[in-house]
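Note sheet for the following structure.
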Amino acid sequence: MDLIDRIIATRTDHDESQRALAAALGINHVQWAQYECRKHELPTRYLEQFCRHYGVSADYLLGLPKGLDWPR
């Protein structure tokens, strides 16, 4: 499962349409559909907004393992 697969699964698990999500992110639903269809790469700003909207971790969406260290 890759980033887009996890994004689609998260959106559908919340019973939200592409149109409703796009409205919440402040973009056109056609633009969002192009990200989900892999026609365009998802910009980081929308990934961040997506994570905040659904309360999910970007690490989860990116498929990174739990417990990674980061610079302090």
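According to the numbering used here, the sequence shown is numbered sequentially starting from 69.
The beta-carbon is built from N, C-alpha and C at its ideal position, and this holds for glycine as well.
DSSP places residue 130 in the uninterrupted alpha helix (DSSP H) bounded by 126 to 130.
Residue 100 carries a helical assignment under DSSP once its states are collapsed to helix, strand and coil. Put simply, the backbone Cα of residue 99 is about 30 Å away from that of residue 133.
The beta carbon of residue 82 sits closer than 8 Å to those of 122, all from its chain and outside the five residues before and after it, given in chain order. In the structure shown, residue 116 falls within a helical segment according to DSSP collapsed to helix, strand and coil.
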